[in-house]
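For reference, the structure is listed below as structure tokens.
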Amino acid sequence: MALEPKLSHTAAIILQAIGGGFIYGFSIMEMTGLPSGTVYPAMRRLERDDLIRSQWERQSIADAEQRPARKYYKLTAAGRSTLEASRKRYPLLDRLIPSEEAKSR
Amino acid sequence: MTPHEQLLRLVHTGLLRTASILVPRTARAEWLSEWRSELWHVRQSADVARRAREGIAFCLGAFPDALCLRRLAQQDRTPIPPFHGSAAQCLLALSAVLAASYALSLLLPGVNAESHASKYQISPDVILIQGSSSSDDTVPTISAEEFRAWKQRRQRYFDNFAFYRIASNQPVTAVNSGVHWKIAHASPNLFTLLGLEEQLSLPRVGADEKTPALVLSERIWRRDFHANPEIVGTAIRVDNRTVRVAGIMPFGTWRLPGDADVWLLEPDSENAGKGFALAHLTRLGTSAMLGDRVPITSNNSDDSNDYWGETFRERTRGPQRKLLVHVVSRRAGSARGHVSFTARVQLLHA
Numbered sequence: 189m190a191l192e193p194k195l196s197h198t199a200a201i202i203l204q205a206i207g208g209g210f211i212y213g214f215s216i217m218e219m220t221g222l223p224s225g226t227v228y229p230a231m232r233r234l235e236r237d238d239l240i241r242s243q244w245e246r247q248s249i250a251d252a253e254q255r256p257a258r259k260y261y262k263l264t265a266a267g268r269s270t271l272e273a274s275r276k277r278y279p280l281l282d283r284l285i286p287s288e289e290a291k292s293r
Numbered sequence: 043m044t045p046h047e048q049l050l051r052l053v054h055t056g057l058l059r060t061a062s063i064l065v066p067r068t069a070r071a072e073w074l075s076e077w078r079s080e081l082w083h084v085r086q087s088a089d090v091a092r093r094a095r096e097g098i099a100f101c102l103g104a105f106p107d108a109l110c111l112r113r114l115a116q117q118d119r120t121p122i123p124p125f126h127g128s129a130a131q132c133l134l135a136l137s138a139v140l141a142a143s144y145a146l147s148l149l150l151p152g153v154n155a156e157s158h159a160s161k162y163q164i165s166p167d168v169i170l171i172q173g174s175s176s177s178d179d180t181v182p183t184i185s186a187e188e189f190r191a192w193k194q195r196r197q198r199y200f201d202n203f204a205f206y207r208i209a210s211n212q213p214v215t216a217v218n219s220g221v222h223w224k225i226a227h228a229s230p231n232l233f234t235l236l237g238l239e240e241q242l243s244l245p246r247v248g249a250d251e252k253t254p255a256l257v258l259s260e261r262i263w264r265r266d267f268h269a270n271p272e273i274v275g276t277a278i279r280v281d282n283r284t285v286r287v288a289g290i291m292p293f294g295t296w297r298l299p300g301d302a303d304v305w306l307l308e309p310d311s312e313n314a315g316k317g318f319a320l321a322h323l324t325r326l327g328t329s330a331m332l333g334d335r336v337p338i339t340s341n342n343s344d345d346s347n348d349y350w351g352e353t354f355r356e357r358t359r360g361p362q363r364k365l366l367v368h369v370v371s372r373r374a375g376s377a378r379g380h381v382s383f384t385a386r387v388q389l390l391h392a
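Chains G and S supply the protein sequences, listed in that same order.
Mind the numbering: the first sequence is residues 189 to 293 in this note's numbering, read in order.
Mind the numbering: the second sequence is residues 43 to 392 in this note's numbering, read in order.
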């Protein structure tokens, strides 16, 4: 069985935020209250570890809403299982940022 | 837009541009696009009073992000091998050892020639004739007189002969170098008969050439002539005779019985004593060979002598083929008896 990486509390919060539907940098900052100098480097490391994946929004959507295109982040399969393990390690994660599943309950 | 807001925009842009210098060149454009996009959202979310403070705080966060990307890029350039301590590492190490061993083995004298044995294949129509009384094919059994008698008579099974005798017990002094050599006194056509003349780049000896040709083994050429290529074609004194160096015999090329340092190609009439005889098969002779060995009878007026004729296929096989043949013959076990022949070749005596 592959070992899941142990995340720092900050990285776990960011992963939880992405899993909770906050899928671009500024929305994660707003949700977590973390500064940009913490959020973006953490996301780079999560992406390097294949826990999240980024994708640029289509330009047509951004143009229709008269704003610049956003870079969206989403959890990978490994990211989901790591988040699951992190929730056991940090039981308050779900209370800080409700996950999509928790919201739909 | 107020001048204050314009100034703020300039400061934001300047900060992001400055931070982008830290980002690896390949990721810089995309990184800048993301931060500009995010900055737009920061500006939209705050009122005019907060924009200045929050915008600058946000843009200052670009520096740790840029530094983080730079560190990650450096780590990617020096990845730790994923197979550290694994089976893959063992295989890689073994492969490296094998490759190094092979490269080293090629430096050993004769190994290269052994592995390229096919380059020096002796003609398949040539056989070595040995007296049947001796089972050891390294012992010379054919006298120079016998050989000359066969050569003088027109033969049905053979159309060419060569002879060589190795003066092994009495090393001969090469006068100009002051060293001792084991000399193979051989027929002038020895290498032509064996089919090695062109492979050894030996010059064809003209009928009017009176100076005997001398072929040096590579060992002697290196030891006594310091691998000087200019020696080929020059005349030297050997055993009080002037001879001309005709060529160099590479390591491993000589696979016939007897170990010689040099081969002196001289008229058969000058040879005496026992040596080794070689014969080239006619078409009739080839058809009589159903294997690598054939019994030969020599009839003369007084009595008849028995000999064996043997091809050089076994001697000139490369090491891999030799091993294969050995393994196959061992597996065949007792079922592999002696090879029988339907024909007995006859040597006509003068």
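Using N, Cα and C, we set each Cβ at its ideal position, and we do this for glycine too.
Note that the coordinates shown come from a computational prediction; the quantities given were computed from them, not determined experimentally.
Review point. Three-state secondary structure (DSSP) at S:W263?
Key: Taken through DSSP and simplified to helix, strand or coil, S:W263 comes out as helix.
Practice item. For S:R78, go through chain G and note every residue whose CB falls closer than 9 Å to its CB, in chain order. Key: Around S:R78, the beta-carbon contacts reaching into chain G at under 9 Å are P256.
Practice item. Measure the CB-CB distance between S:G351 and S:I164 and report whether it falls below 8 Å. Key: No, they are not a contact pair.
Point to revise | Residues near S:R283 by beta carbon distance below 8 Å, same chain, minus five either side | key: Correct list, in chain order: P254.
Point to revise | DSSP-derived helix/strand/coil call for G:Q247 | key: In the structure shown, G:Q247 sits in a helix (DSSP, three-state: H, G or I).
Point to revise | Proximal chain G residues relative to S:P106, where beta-carbon distance stays under 7 Å | key: S:P106 reaches chain G at G225 and P229, counting residues in chain order whose Cβ is nearer than 7 Å.
Review point. Taking Cβ-Cβ distances shorter than 7 Å, what residues in chain S pair up with G:F214?
Key: Going along chain S in sequence order, the residues near G:F214 (Cβ under 7 Å) are E80, H83 and V84.
Check your understanding: Who are the neighbours of S:C110 on chain G, taking C-beta pairs under 9 Å?
Key -> Neighbours of S:C110 on chain G, chain order: Y228, P229, A230, R232 and R233.
Check your understanding: Would you say S:A138 faces chain G, with C-beta separation under 8 Å as the test?
Key -> Not flagged as an interface residue toward chain G: S:A138, since no C-beta distance is shorter than 8 Å.
Review point. Shorter than 8 Å from the beta carbon of G:K259 to some beta carbon of chain S?
Key: Using a CB distance cut-off of 8 Å, G:K259 counts as an interface residue toward chain S.
Check your understanding: Shorter than 8 Å from the beta carbon of G:R136 to some beta carbon of chain S?
Key -> With chain G covering only 189 through 293, there is no way to say anything about residue 136 of chain G.
Check your understanding: Would you say S:G103 reaches chain G, if we count a Cβ-Cβ gap shorter than 8 Å as a contact?
Key -> Interface residue, yes.
Review point. Any contact of the segment 198–210 of chain G with the segment 247–255 of chain G, i.e. 3+ C-beta pairs under 8 Å?
Key: Output reads no: the segment 247–255 of chain G does not touch the segment 198–210 of chain G.
Review point. Residues bridged to S:Q197 by DSSP?
Key: Paired residue(s): none; S:Q197 is not in a bridge.
Practice item. Below 7 Å CB to CB, which residues in the same chain sit around G:E245 once its five sequence neighbours on both sides are set aside? Key: Counting only residues of its own chain and dropping the five nearest sequence neighbours on each side, G:E245 has a CB closer than 7 Å to the CB of A257, R258 and Y260.
Review point. If you run the structure through DSSP and keep just helix, strand and coil, what is G:G213?
Key: Assignment of G:G213 by DSSP, reduced to helix, strand and coil, places it in the helix class.
Review point. If we ignore side chains and look at the alpha-carbon of each, how far apart do G:R255 and S:C132 end up?
Key: Looking at the two C-alpha atoms, the distance is approximately 56 Å.
Check your understanding: So which of S:A321, S:I171 and S:D348 has the shortest CA-CA distance to S:G237?
Key -> With distances taken between Cα atoms, S:G237 lies closest to S:A321.
Review point. Using the beta-carbon count (16 or more within 10 Å), is S:S79 buried or exposed?
Key: S:S79 comes out buried.
Exercise for review: Give a yes or no on whether 8 Å exceeds the smallest Cβ distance from G:R236 to chain S.
Suggested key: At least one chain S Cβ lies under 8 Å of G:R236.
Exercise for review: Can you tell me which of the three DSSP states S:W334 falls into?
Suggested key: Looking at the sequence provided, one finds Asp at residue 334 of chain S rather than Trp. Taken through DSSP and simplified to helix, strand or coil, S:D334 comes out as coil.
Check your understanding: Could you give the C-beta distance for G:I201 and G:L284, rounded to a whole number, given that I count them as a contact under 8 Å?
Key -> About 7 Å separates the two Cβ atoms, so the contact holds.
Point to revise | Selection from G:E218, G:T226, G:V227 and G:G213 that minimises the alpha carbon distance to S:S75 | key: Of the candidates G:E218, G:T226, G:V227 and G:G213, the residue whose Cα lies closest to the Cα of S:S75 is G:G213.
**Study point:** Best match in S:R70, S:L136, S:D201 and S:Q172 for proximity to S:L326 [C-alpha to C-alpha]
**Key:** Looking at S:R70, S:L136, S:D201 and S:Q172, the one whose alpha-carbon comes closest to that of S:L326 is S:D201.
Review point. Under a CB-based cut-off of 8 Å, is G:A199 close to chain S?
Key: G:A199 does not count as touching chain S.
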